[in-house]
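Residues in the sequence shown are numbered from 11 upward in steps of one, following my numbering. We put the CB at the ideal spot given by N, CA and C, even for glycine. Everything numeric in this text was worked out from a predicted model, so none of it was measured.
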Amino acid sequence: MVSSVISSVRAAISRTLAAVRQQSSESVKRRKALHAGSWYTDNGPKLLGELNGWLSNVTPDKAQPDVIGEDQEFSTPIPGSRAIIAPHAGYSYSGPAAAWAYKCIDTTGIKRVFILGPSHHVYLDGCALSKCDAYETPIGELPLDKETIAELLAADPKFVEMDVATDEDEHSIEMHLPYVRKAFEGLDIKIAPIMVGALPKATEQHFGKILAPYFARDDTFVVISSDFCHWGSRFNYTYYYPSPLPLAPDVQPTKITSSVSPSQDHPIHASIKDLDREAMEILRFPSGLPPTPAVETHNRFNTYLGKTKNTICGRHPIGVFLGALAEMEKSHDKQITLKWVRYEQSSQCTSSRDSSVSYASAYVVY
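Next up, the structure:
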């Protein structure tokens, strides 16, 4: 009789605990990895194998001297690295290039990872933060830093919450999640994803000033998500330099059309490379003697975008980051180093019928 009662009590307790666990699980809002299975594999072991392969391919003998510098040595991780710029296209296109940024990460002491990505599908005149508690990836979840997100929402009304559907539709942040999970494998980190809208420079500076105290913390890493030039008629962008930079005074940029062909001496893919390298050189730190301050770098980058209209899709996350760097130089006495470690194009354009997207990777120390 007693044993029967005990068994019944145990069964009731088990059912109660199971219900609590289920309720707790259901109360956790998770962002699903909607681009897994199309933009990258949804098979966890296969994805892990691909990431490991691309990362293991980042070796000094495969470095591009014209990107890292002819006389520069390259070894990873980069001690004290605190941020990266890396692409967000499908992994078959940009996965190998992104590995060069992620291999640079120094994970020592990092507890929080900000990921700033552009909005491709919705118009924003501010920055959007997630309502979710965790982001799914095929190789493991990433919990969100709810405390930091709440602080940012309280800091400025232009920080808004996005609904889960908007969150899941955007790929610019999702494409970094498996790499973040892999880079910080086995470490207790939380992420703070920020979708950055189409912001004027003054608003980029404003958000940068708010984020600077967070970015300056020793336990914080920052990922800036951006592809570079999207060239071709399907992107409505066919800007072309007829000769290598610097252009002679009597030579002007033009647009390639069905009736305007590129010079045989300067193919389109070479012009695209010049166009992207122009931006990369502006963003390099330190730059010039004396070194150009971050606020001036932001001005120069904004002027370059106005002149060339280069389709750098992460220009606004980069702009917010430059705003933060300017504030950190002024208020946190930070000395900044930003170096590029990889540059690739999805294809080499030679005619008006072609198209390509460029991918550039960099690390930042401050």
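Would you tell me roughly how many angstroms separate the C-alpha atoms of residue 199 and residue 292, rounded to the nearest one?
In the sequence shown, residue 199 corresponds to position 189, counting from 1. In the sequence shown, residue 292 corresponds to position 282, counting from 1. Rounded to the nearest angstrom, the two C-alpha atoms are 32 Å apart.
To the nearest angstrom, how far is the alpha carbon of residue 216 from that of residue 274?
Counting from one through the sequence shown, the residue named residue 216 turns up at place 206. Counting from one through the sequence shown, the residue named residue 274 turns up at place 264. Rounded to the nearest angstrom, the two C-alpha atoms are 45 Å apart.
Reducing DSSP to helix, strand and coil, say where residue 324 ends up.
Counted from its first residue, the sequence shown places residue 324 at position 314. Residue 324 falls in the coil class under three-state DSSP.
Determine which residues share a DSSP beta bridge with residue 171 and list them.
For the purposes of this step, residue 171 is taken as residue 161 along the sequence shown, with counting starting at 1. BP columns for residue 171 point to 139.
Alpha carbon to alpha carbon, how far is residue 362 from residue 272?
One-based indexing of the sequence shown puts residue 362 at position 352. One-based indexing of the sequence shown puts residue 272 at position 262. Here the C-alpha atom of residue 362 lies approximately 9 Å from the C-alpha atom of residue 272.
My output table needs one value for residue 217: the three-state DSSP class, helix, strand or coil.
Reading the sequence shown from its first residue, position 207 is the one you call residue 217. Per DSSP, reduced to three states, the secondary structure at residue 217 is helical.
What residue does the alpha helix (DSSP H) around residue 9 start on, and which one ends it?
Lying outside 11 to 376, the shown extent of the chain, residue 9 is not represented and no answer is given.
Taking all protein chains shown into account, decide if residue 371 is buried (16 or more other Cβ within 10 angstroms of its Cβ) or exposed.
Working through the sequence shown from its first residue, we reach residue 371 at position 361. It counts as buried.
With 16 as the cutoff for other CB atoms within 10 Å, does residue 82 come out buried or exposed?
In the sequence shown, the residue the question calls residue 82 occupies position 72. Residue 82 is exposed by the Cβ-count criterion.
Can you tell me whether residue 8 is buried or exposed? The criterion is at least 16 other CB atoms within 10 Å of its CB, across all chains shown.
The structure shown does not extend to residue 8, since the chain spans only 11 to 376, so no value can be given for it.
Could you check whether residue 357 and residue 366 sit closer than 8 Å to each other, using their CB atoms as the reference points?
For the purposes of this step, residue 366 is taken as residue 356 along the sequence shown, with counting starting at 1. For the purposes of this step, residue 357 is taken as residue 347 along the sequence shown, with counting starting at 1. Annotated as proximal: residue 366 and residue 357, with beta-carbon spacing under 8 Å.
Can you look up residue 319 in the DSSP assignment and give me helix, strand or coil?
Counted from its first residue, the sequence shown places residue 319 at position 309. Reduced to three states, the DSSP call for residue 319 is coil.
Sub-8 Å separation of residue 51 and residue 60 beta-carbons
Counting from 1 along the sequence shown, the entry for residue 51 is found at position 41. Counting from 1 along the sequence shown, the entry for residue 60 is found at position 50. Using a Cβ distance threshold of 8 Å, residue 51 and residue 60 count as a contacting pair.
Give the range of the alpha helix (DSSP H) segment to which residue 290 is assigned.
Counted from its first residue, the sequence shown places residue 290 at position 280. First-last of the alpha helix (DSSP H) with residue 290: 278 to 293.
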